[in-house]
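Below is one structure, written out as structure tokens; the observations come after it.
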């Protein structure tokens, strides 16, 4: 994965730059569900300042950022759909910064 591709997957939510679980899973070469399993099993390693599940407001902001992005990627892949026709849970967002507004 090249630097420009990674940079195009960084969004701003709650005043900090974040990457979605689906994008981070691609970077690490793992399934999204496996990444999220680790988050749920190791909550002490993923404090809310580092990882949080998106709320409805966050989803609206994220959709507007993706829609106005110059990067024309398929939105379906952005939200990691399941074989049952869609994602069943809201995505997690990960940040390097240790503060979320």
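Residue numbers (our numbering): 262 to 362.
Don't be surprised by glycine CBs; every beta carbon is placed ideally from N, CA and C.
| Item | Value |
| --- | --- |
| To the nearest angstrom, how far is it from the Cα of residue 269 to the Cα of residue 279? | 11 Å |
| Would you report the Cα separation of residue 275 and residue 323, rounded to the nearest angstrom? | 11 Å |
| From 271, 325 and 293, pick the residue whose C-alpha is nearest to that of residue 317; which is it? | 325 |
| Exposed or buried, which one is residue 289 when buried takes at least 16 other CB atoms within 10 Å? | exposed |
| So the candidates are 267, 263, 357 and 265; which of them puts its Cα closest to the Cα of residue 313? | 357 |
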